[in-house]
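Input: a single structure, listed below in structure tokens.
Residue numbers (my numbering), protein chains in the order written: chain L, 23 to 461; chain E, 45 to 434.
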């Protein structure tokens, strides 16, 4: 049996390396993990140690990627909603504070996971058995919620009826068009053999980069914002109630997303945020950090629960290819690693946020966005080839619609929701027939 | 956008330098302060471009997908990057379909002759979930050992790879027209027929029912020491209708694949209708048996007899079994046949039947004729070979 101290060491090593890589804008931990999996045998790292190393990566990513999201506006599917408040804070010189608020939420969730880990052993198995048979209508309900919560909208303003009609429905139409196109694209990527078999494991990665990361970079390029000097704060503008509410909402939303298949952290955050009536800016940012950590780390942590074999999230799917932990010792080491690793990642976050924050006013965002864009294009091409690049381009067009027409970027998540709902309800074949394709 | 940026935009549009505010007309560089005047693209063009890329791109992908078919791969080619890839695999079924009632899933294993060094496997499990699994059961499209199949499914890797098939059209079973073979061909060159569809006749010499499957033996009385294993998998036993009601001693015709188990030949029927009864075992008389003792014992013939106990059952001192001295009216109860029941078989006989095996009772039994120390014996090899006690 593996030594717990060595397992913990691998977690902490993963935290440090994951944190370093996570600062790179638009580089997702799911893109880097396959490289580690391929390198591990060459480096003599056993499958068991590798899985704990990947846990450390996820911890580091969940914490440190807030730097690239908040500072460089390169969000993923869990942080696209926090972009507006964080951009406002950045332009007010409070970027460092925004990052630390998000990090605080993540840190609290890390400690919560460690504290409640024994309870998880009792709660998770029955919870999974309840969720799984009901997934199809649960996801369908979430889709309906996404579409119906667009209403009510502002009335249209214009001189003629047509102009008023156009103005009133422009945003809604853009949102629904985004939903439909993203759903179709997701369906084709998931079921249509569009990606070569050798890169199939990347799945929707090029689409998600196109939906969320690239549009933000394009808008940065054209807006070319001037970021003022960022203040190094000694305290955070959040009351204990804000911290509690934000962490609670984020933990709930992220844990819900972590447990239920197909639901990402972003969706979980929106549902819970609306459910508890979140309003304060600091609460919102704390909840986003908490949600992100709960989703990424929580979904991977489920893999360690002995006896249930729950595989949720991209990292768990990757890790399950090599080793699925099953011992109680491994579970508790993982819980300890989340707490200790979370603290270390938070310290790294503080240092990095201040260090990079000082340089922000000197950064040309248009040039930086251009460089990141080139990096992303190269990464997508390297990982998925020309077809993946094409998917990214089309997804960028779709992802720009909500940004340009002021509707919700949430609709891009129909790329996962629609195909999975169709598959779970046995309607995928019929939908494919409507599109005229065979899957 | 901040107010400063809006003002700068406005200045640019009106021909003023965004930095010093002096009028510069259409100049790209301010002649006064040297600031660059960026020409900005109108957002309406970006909006239109986004709309076109999104709609046209999606349509192109839809059209393009209709021309794409899953790539054919070998087991040896599977690696971690292929997780979730939809592929086509052709091979031979090495483990017959099994249907799990609880999960309503169907599984079988195929091999294509290649070995995957990464995962150290030379075969891959194929799983089908409901409702497709139930469709396949209803269609009788259930591969058995030896079948040549083509499947299209999604690779999933959980420590070891397996394939999930989602549509009933994605399972194609290739079965040639079966050829008639005899025991002589099987004994001498069964490897030549490995994986082939065959028809073979034989007498059932053993039948063990395991619920979802059964293991039998087929015998040709010309080759009594070369019984052929008959494996009846779940598709034939319970999933494709009622199996013919055959028993030990019946002459049957089996249509199926010649496969191998533990380096020995084995027949695997395709479905319930692949086993046909040619002739049920008839009731024999003791005089017929005794008249042809040498022939029938050399054949290890299986017979059915109505026999009366002429002595109480004798329990061997070594505990090896129980012997019964029996006779019937065809020999005027004057000649006796020894019936031997092994101890393990005797223990399996229900108590209510055992209690009735007493002097004077008549037993309807199936047994195998053998000779032991020059004496004719009828061996009862299973408890259910005792068909009744009167």
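Glycine is no exception: its CB is placed at the ideal position from the N, C-alpha and C atoms.
Where in the region 334–379 of chain E do unbroken runs of the beta strand (DSSP E), each at least 3 residues long, occur, reported from the N-terminal end onward? 346–353 and 365–371
Report the neighbours of residue 415 of chain L on chain E: residues whose CB is nearer than 7 Å to its CB, in chain order. Position 393 of the first chain, counted from the first residue, corresponds to residue 415 of chain L. The contacting residues are 97 and 101.
Answer with buried or exposed for residue 373 of chain E, where buried requires no fewer than 16 other C-beta atoms within 10 angstroms of its C-beta. Working through the second chain from its first residue, we reach residue 373 of chain E at position 329. When all chains shown are included, residue 373 of chain E counts as exposed.
Expressed to the nearest angstrom, what Euclidean distance is found between the alpha-carbon atoms of residue 111 of chain L and residue 260 of chain L? Taking the first residue of the first chain as position 1, residue 111 of chain L is located at position 89. Taking the first residue of the first chain as position 1, residue 260 of chain L is located at position 238. Computed Cα separation, rounded: 14 Å.
Proximal chain E residues relative to residue 403 of chain L, where beta-carbon distance stays under 9 Å: Here the question's residue 403 of chain L lines up with position 381 in the first chain. By Cβ distance, chain E contributes nothing, its closest Cβ being about 15 Å from residue 403 of chain L, past 9 Å.
In terms of DSSP beta bridges, what is residue 329 of chain L paired with? Taking the first chain and counting its residues from 1, the one referred to as residue 329 of chain L is at position 307. According to DSSP, residue 329 of chain L bridges with nothing at all.
Hey, how far is the Cα of residue 222 of chain E from the Cα of residue 424 of chain E? As a first step, residue 222 of chain E is located in the second chain; it is residue number 178 there, counting from the start. As a first step, residue 424 of chain E is located in the second chain; it is residue number 380 there, counting from the start. Looking at the two C-alpha atoms, the distance is approximately 35 Å.
Can you pull the chain L neighbours of residue 91 of chain E, defined as C-beta to C-beta under 9 Å? The residue given as residue 91 of chain E occupies position 47 in the second chain. Residues of chain L passing the Cβ test: 422, 423, 426 and 427.
Report the three-state DSSP secondary structure of residue 59 of chain E (helix, strand or coil). By 1-based counting over the second chain, the position of residue 59 of chain E is 15. Correct three-state label for residue 59 of chain E: coil.
From this set, E:342, E:341, E:330 and E:130, which residue's C-alpha is nearest residue 409 of chain E's C-alpha? Locating residue 409 of chain E in the second chain gives position 365, counting from the first residue. Taking only the C-alpha atoms, the option nearest residue 409 of chain E is E:330.
With 8 Å set as the bound, which would you pick, yes or no: does the beta-carbon of residue 127 of chain E sit closer than that to a beta-carbon of chain L? For the purposes of this step, residue 127 of chain E is identified with residue 83 of the second chain, where counting begins at 1. Yes, residue 127 of chain E counts as interfacial toward chain L.
Quick check on residue 415 of chain E: does DSSP put it in helix, strand or coil? Within the second chain, the letter at position 371 stands for residue 415 of chain E. DSSP places residue 415 of chain E in strand when its eight states are reduced to three.
Tell me, which residues are paired with residue 301 of chain E by DSSP? One-based indexing of the second chain puts residue 301 of chain E at position 257. Paired residues: E:241 and E:312.
Anything in chain E within Cβ reach of residue 228 of chain L, meaning under 8 Å, just list it in chain order. Counting from 1 along the first chain, the entry for residue 228 of chain L is found at position 206. Those do not exist, as residue 228 of chain L stays about 12 Å from chain E at its closest Cβ, beyond 8 Å.
Could you check the C-alpha separation between residue 26 of chain L and residue 257 of chain L for me, to the nearest Å? For the purposes of this step, residue 26 of chain L is taken as residue 4 along the first chain, with counting starting at 1. For the purposes of this step, residue 257 of chain L is taken as residue 235 along the first chain, with counting starting at 1. About 37 Å.
Spatial neighbours of residue 312 of chain L within its chain, please: CB distance less than 7 Å, with the 5 preceding and 5 following residues excluded, ordered by chain position. As a working mapping, residue 312 of chain L is identified with position 290 in the first chain. 127, 128, 130, 131, 268, 269, 272, 273 and 276, listed in sequence order.
Buried or exposed by the 16-neighbour rule on C-beta atoms within 10 Å, applied to residue 61 of chain E: As a first step, residue 61 of chain E is located in the second chain; it is residue number 17 there, counting from the start. By the neighbour-count rule (16 or more Cβ atoms within 10 Å), residue 61 of chain E is buried.
Distance between residue 197 of chain E and residue 362 of chain L (C-alpha atoms, nearest Å): Taking the first chain and counting its residues from 1, one reaches residue 362 of chain L at position 340. Taking the second chain and counting its residues from 1, one reaches residue 197 of chain E at position 153. Near 42 Å, if we compare the C-alpha coordinates of residue 197 of chain E and residue 362 of chain L.
Quick check on the DSSP output: the beta strand (DSSP E) that includes residue 431 of chain L runs from which residue to which? The residue given as residue 431 of chain L occupies position 409 in the first chain. Here residue 431 of chain L belongs to no beta strand (DSSP E), and DSSP marks it neither H nor E.
Determine whether the Cβ of residue 339 of chain L lies closer than 8 Å to any Cβ atom of chain E. Indexing the first chain from 1 puts residue 339 of chain L at position 317. True, the Cβ-Cβ gap to chain E drops below 8 Å.
DSSP state of residue 345 of chain L mapped onto helix, strand, coil: Mapped onto the first chain, residue 345 of chain L falls at position 323. Residue state, collapsed to three classes: coil.
Could you say if the region 389–403 of chain L and the region 239–254 of chain L meet the contact criterion of at least three C-beta pairs nearer than 8 Å? yes
Is residue 160 of chain E helix, strand or coil when you go by DSSP? Here residue 160 of chain E is taken as the residue at index 116 of the second chain, counted from 1. Residue state, collapsed to three classes: strand.
Once you ignore the five residues that flank residue 247 of chain E on each side, which residues in its own chain have a CB closer than 6 Å to its CB? Here residue 247 of chain E refers to the residue found at position 203 of the second chain. Same-chain partners within the cutoff: 263 and 295.
Residue 64 of chain E at chain L interface by Cβ criterion, 8 Å: For the purposes of this step, residue 64 of chain E is identified with residue 20 of the second chain, where counting begins at 1. Answer no: the Cβ-Cβ gap between residue 64 of chain E and chain L never drops below 8 Å.
Own chain residues within Cβ distance below 6 Å of residue 142 of chain E, not counting five before or after: Against the second chain, residue 142 of chain E aligns to sequence position 98. The answer, listed in chain order, is 151 and 278.
Can you name, in chain order, every residue of its own chain whose Cβ lies under 7 Å from the Cβ of residue 397 of chain E, other than the five neighbours on each side? The residue labelled residue 397 of chain E in the question sits at position 353 within the second chain. Answer for residue 397 of chain E: 430 and 433, listed in chain order.
Residue nearest to residue 39 of chain L in terms of C-alpha spacing, selected from L:74, L:63 and L:109: As a working note, residue 39 of chain L is residue 17 in the first chain. Measuring from the Cα of residue 39 of chain L, the nearest candidate turns out to be L:74.
Using the C-alpha atoms, what's the distance from residue 199 of chain L back to residue 34 of chain L? The residue you call residue 34 of chain L lines up with position 12 of the first chain. The residue you call residue 199 of chain L lines up with position 177 of the first chain. The alpha-carbon atoms of residue 34 of chain L and residue 199 of chain L are separated by roughly 44 Å.
Distance cutoff 8 Å, beta carbons only. Does residue 220 of chain L sit that close to anything in chain E? Numbered from 1 along the first chain, position 198 holds the residue referred to as residue 220 of chain L. Yes, its Cβ sits closer than 8 Å to a Cβ of chain E.
Leaving out the 5 sequence neighbours to the left and right, which residues in its chain are closer than 6 Å to residue 219 of chain E when beta-carbon positions are compared? Position 175 of the second chain, counted from the first residue, corresponds to residue 219 of chain E. So the qualifying residues of the chain are 241.
Using only the alpha-carbon positions, how far apart do residue 171 of chain E and residue 210 of chain E sit? Mapped onto the second chain, residue 171 of chain E falls at position 127. Mapped onto the second chain, residue 210 of chain E falls at position 166. So the two alpha carbons sit approximately 9 Å from each other.
So residue 305 of chain L is in the alpha helix (DSSP H); what residue range does that whole segment cover? Within the first chain, the letter at position 283 stands for residue 305 of chain L. It spans 303–323 - the alpha helix (DSSP H) in which residue 305 of chain L sits, taken as one unbroken run.
Along the chain, which unbroken stretches of the beta strand (DSSP E) at least 3 residues long are found entirely within the region 135–205 of chain E? 149–155, 168–172 and 192–202
Residue 448 of chain L to residue 162 of chain L, Cα distance in whole Å? Taking the first residue of the first chain as position 1, residue 448 of chain L is located at position 426. Taking the first residue of the first chain as position 1, residue 162 of chain L is located at position 140. Computed Cα separation, rounded: 13 Å.
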